[in-house]
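Participant:
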Amino acid sequence: MKKKKNVRNKIDRMLEFPDEIALNVPKVTILKFEQMLIENYKGILEYQDFFIRVKTNIGIINVNGFNLSLEEMTTDDIIVNGKIESIDFESIVDDREE
Amino acid sequence: MYIKILIYFILGYVNITVEGFFIERFINTCISKKIFFWNTKRDKSTVFSANIGVKNFKDVAKIAKSCKCKIKLNNKKGLPFLLNRYRKRKFFALSLIGFIAVIIIISNFIWNIEIVGLEDEEIKSEIIELINHEGVSIGKYKNKIDLQNLINKIRIERDDIAWVGMKIKGTNLIMEFVLADKKPEIIDKEDFCNIIATKDGVISKVEAQNGTPVVKEGDTVKKGDILIKGEIEGKYTENRFVHSDGDVYAKVWYKETEKVYYNQIIANQTGNHERKYSININNFQINLFKTLSKFENYDTIRTIKKLKITSNFYLPVEFVINENYEKQNVSISHSKEEAIEIGTELAKSKLNETIQTESEISNIYIHTNETDEYVEVEVIYEVLEQIGTKEKL
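Chains as they are written, first to last, in the working numbering: chain A, 210 to 307; chain B, 1045 to 1437.
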């Protein structure tokens, strides 16, 4: 399984695919501490107006803040609106975890 | 995003609240089934509210049930529900449709003709008569008017108009005119011509540059008399014709008489006025108040306003305001000297209008003729003027 992945990585690097497409890893964009776009997410783990947990391929994104709300939810990306105080990540080291 | 919401507004949407412990799972399954939420809100840890499309409601209810959540429908919004609410008001809908139809029908006709660039009322009325003859008048169907044809007709009929532009804006037909300057008859230098008098007068100076002067200083000439002949007698040759040229100055008299009565009755406005309104629809007048005035003697000023919705959307309805100003007869008496003064002032102001500015006034004569009732003042201006113009032989 690990070998297969390495082969795919090599091909992707040769063809110069962007990482978020090639490796299916999340891409986070933050606009003025109030809007946050998460691409390539897998699901919502927790949703409160002060705390949001979003699951991705390589770990979990925790967002703390006030009046948070989820908007424009599609299968690939999601927007967090509201006053964002802090963001932290819980990365999953083991590949088999997904 | 906004387009999506607009589409859902047209199709109808509902506001729901979901209550339960597994709201995250509910949201995840909704997203995986590609159900679109917006305006999401998380009130408490167990309550979630959002807007969803009407079509998706059944699926959402199923998902909520499988997630062990309670679902509640708060309110229905969007166009289908809005129309449903007004379904019983048939008369309202009918009148709305009727109103729109009337406006559309009205906007297909011409209700105002605007003439730009003409100040002379006479030419204006002639033009209006001309276009009425061509079938274009107030109340005409817009699509049947052939503007190019109309422009051509006017340009053929009238020589004094240099350019005509027409356009239809809303219910307003705008005609723009540029008047042609009357061109003077130009006589070629090669042509033979006489110089003739344009006015009656007494010659004071003749400066002939070419041709034979017929008149001399002190001669009285009438309008049309030849002043300088375009013919030269040769000593050795026969008479030959020339292009005569020269300036002829003459004393010309302008006369104006004014009668001033010693006792005059003048109507003075007292300052009281009243307003009467009426509505005019296609020459059918509706008076909003009694038309009889409470004054005995009065002047009436009538102003007509055309109703319009926008600057170019005229309606076939006119609003008429009649303003009555009360007046009072006051008798004024003048002494003899005052009457003469008033008479000369009046006559002078009239004369100043007729005389061109460049001509110089050499003498002013004032004659008075007194009777018992009035003074007749005669003012004569003596003006030194150039009176010659060229005329072809």
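All C-beta atoms, glycine included, are put in the ideal place defined by N, C-alpha and C.
#1: When you compare only the Cα positions, how much space is there between Leu1162 of chain B and Ala1206 of chain B?
#2: From Leu1271 of chain B to Arg1284 of chain B, what distance separates their C-alpha atoms?
#3: Find the residues of chain B that neighbour Gln244 of chain A, judging by a C-beta separation of less than 8 Å, and give them in chain order.
#4: Quick one: is Val1427 of chain B buried, meaning 16 or more other Cβ sit within 10 Å of its Cβ, or exposed?
#5: Assign Pro1124 of chain B to one of three DSSP states: helix, strand, or coil.
#6: What whole-angstrom Cβ distance do Val1421 of chain B and Ile1376 of chain B have, given they're in contact under 8 Å?
#7: Ends of the alpha helix (DSSP H) at His1177 of chain B?
#8: Among B:Arg1319, B:Tyr1305 and B:Val1296, which residue has its Cα nearest to the Cα of Gly1432 of chain B?
#9: Quick one: which residues of the region 1060-1074 of chain B get their C-beta closer than 7 Å to a C-beta of chain A? List them in chain order.
#10: On a Cα-Cα basis, can you pick out the residue from B:Glu1397, B:Val1286, B:Ala1252 and B:Asp1225 that is closest to Arg1202 of chain B?
#11: Are the C-beta of Asp258 of chain A and some C-beta of chain B separated by less than 8 Å?
#12: Could you give the residue range of the beta strand (DSSP E) that holds Arg262 of chain A?
#13: My output table needs one value for Glu307 of chain A: the three-state DSSP class, helix, strand or coil.
#14: Are Cys1074 of chain B and Val1098 of chain B close, meaning C-beta to C-beta below 8 Å?
#15: For Lys1436 of chain B, which residues of its own chain have a beta-carbon under 7 Å away from its beta-carbon, when the five flanking residues on both sides are left out?
#16: Would you say Ile253 of chain A reaches chain B, if we count a Cβ-Cβ gap shorter than 8 Å as a contact?
#17: Out of B:Asn1100, B:Ile1276 and B:Ile1172, point me to the one whose CA is closest to Thr1256 of chain B's CA.
#18: Taking DSSP as the reference, what is the three-state secondary structure of Arg1133 of chain B?
#19: Quick one: residues in its chain with C-beta nearer than 6 Å to the C-beta of Ala1094 of chain B, no 5 flanking neighbours on either side, listed in chain order?
#20: Mind pulling the chain A residues with CB within less than 7 Å of Phe1081 of chain B?
#21: Using the C-alpha atoms, what's the distance from Asp286 of chain A back to Lys236 of chain A?
#22: Taking C-beta pairs closer than 8 Å, name the residues in chain B that Ser278 of chain A reaches, listed in chain order.
#23: Mind checking if Ser1089 of chain B is an interface residue toward chain A, Cβ cutoff 8 Å exclusive?
#24: Chain A beta carbons: is any one of them nearer than 8 Å to that of Lys1078 of chain B?
#25: Measuring straight from C-alpha to C-alpha, what distance separates Ile1148 of chain B and Leu1191 of chain B?
#26: Looking at the secondary structure, which residues open and close the alpha helix (DSSP H) in which Ser1076 of chain B lies?
#27: Under 8 Å, Cβ to Cβ, is there at least one residue of chain A near Met1219 of chain B?
#28: Give the interface partners of Met1210 of chain B over in chain A, defined as CB-CB distance under 9 Å, in chain order.
#29: Going straight from the alpha carbon of Arg1069 of chain B to that of Glu255 of chain A, what length do you get?
#30: With DSSP as the reference, please indicate the residues paired to Tyr1321 of chain B in a beta bridge.
#31: The alpha helix (DSSP H) spanning Phe1053 of chain B covers which residue range?
#32: Less than 8 Å between the C-beta atoms of Asn1341 of chain B and Glu1370 of chain B, yes or no?
#33: Excluding five sequence neighbours on each side, which residues of the same chain lie with their C-beta closer than 8 Å to the C-beta of Thr1374 of chain B?
#34: Can you tell me the Cα-Cα spacing of Lys994 of chain B and Cys1111 of chain B, whole angstroms?
#35: Over what stretch of residues does the beta strand (DSSP E) that includes Gln1253 of chain B continue unbroken?
#36: Out of A:Ile267, A:Asn273 and A:Glu294, point me to the one whose CA is closest to Ser162 of chain A's CA.
Facilitator: Quick look at the numbers:
#1: The straight-line gap from Cα to Cα measures roughly 12 Å.
#2: Using only the alpha carbons, I get a separation of about 18 Å.
#3: Near Gln244 of chain A there are no residues of chain B at all, since even the closest Cβ is about 13 Å away, more than 8 Å.
#4: With 16 or more other CB atoms across the displayed protein chains lying within 10 angstroms of its CB, Val1427 of chain B is buried.
#5: If DSSP states are grouped into helix, strand and coil, Pro1124 of chain B belongs with the helices.
#6: For a cut-off of 8 Å, the C-beta gap from Val1421 of chain B to Ile1376 of chain B is around 17 Å, too long to register as a contact.
#7: Counting along the chain, His1177 of chain B sits inside the alpha helix (DSSP H) bounded by residues Glu1165 to His1177.
#8: Comparing Cα-Cα distances from Gly1432 of chain B to each of B:Arg1319, B:Tyr1305 and B:Val1296, the minimum goes to B:Val1296.
#9: Listed in sequence order: Ile1067, Glu1068, Ile1071 and Asn1072.
#10: Looking at the Cα atoms, B:Asp1225 is the closest of the given residues.
#11: True, the Cβ-Cβ gap to chain B drops below 8 Å.
#12: For Arg262 of chain A, the enclosing beta strand (DSSP E) stretches over residues Phe260 to Thr265.
#13: Residue placement at Glu307 of chain A is flagged as unreliable, the pLDDT there being 44, under the threshold of 50; a coordinate-derived value is accordingly withheld.
#14: Their beta carbons are not under 8 Å apart, which means Cys1074 of chain B does not touch Val1098 of chain B by this criterion.
#15: Its chain contains Ile1231, Asp1235 and Cys1237 as the residues whose beta carbon lies nearer than 7 Å to that of Lys1436 of chain B, once the 5 sequence neighbours on both sides are disregarded; these appear in chain order.
#16: Taking a beta-carbon distance threshold of 8 Å, Ile253 of chain A counts as an interface residue toward chain B.
#17: Of the listed residues, the one whose Cα sits closest to Thr1256 of chain B is B:Ile1276.
#18: Coil at Arg1133 of chain B, not helix or strand.
#19: Sequence-distant Cβ neighbours of Ala1094 of chain B in its own chain, meaning closer than 6 Å and more than five residues away, are Phe1081 and Thr1084.
#20: Met282, listed in chain order.
#21: Going from the Cα of Lys236 of chain A to the Cα of Asp286 of chain A covers about 9 Å.
#22: Going along chain B in sequence order, the residues near Ser278 of chain A (Cβ under 8 Å) are Thr1084, Lys1085 and Arg1086.
#23: By the rule that beta-carbons nearer than 8 Å mark a contact, Ser1089 of chain B touches chain A.
#24: Contacts with chain A at 8 Å (Cβ-Cβ) include Lys1078 of chain B.
#25: The straight-line gap from Cα to Cα measures roughly 22 Å.
#26: Where Ser1076 of chain B is concerned, the enclosing alpha helix (DSSP H) stretches over Ile1067 to Ser1076.
#27: Taking Cβ atoms only, chain A never reaches closer than 8 Å to Met1219 of chain B, which makes this a no.
#28: Correct list: empty, because the minimum Cβ distance to chain A is about 54 Å.
#29: The alpha-carbon atoms of Arg1069 of chain B and Glu255 of chain A are separated by roughly 9 Å.
#30: The secondary-structure analysis by DSSP pairs Tyr1321 of chain B across a beta bridge with B:Ile1365.
#31: Its alpha helix (DSSP H) spans residues Tyr1046 to Leu1055.
#32: The Cβ-Cβ distance between Asn1341 of chain B and Glu1370 of chain B falls below 8 Å.
#33: A quick correction: the sequence has Val, not Thr, at residue 1374 of chain B. Excluding positions up to five away in sequence, the list reads Ile1309, Ile1310, Ala1311 and Asn1312.
#34: The requested residue 994 of chain B does not occur in the structure, where chain B is confined to residues 1045 to 1437.
#35: Unbroken beta strand (DSSP E) run through Gln1253 of chain B: Gly1245 to Asn1254.
#36: Nothing in the structure corresponds to residue 162 of chain A, since chain A is present only between 210 and 307.
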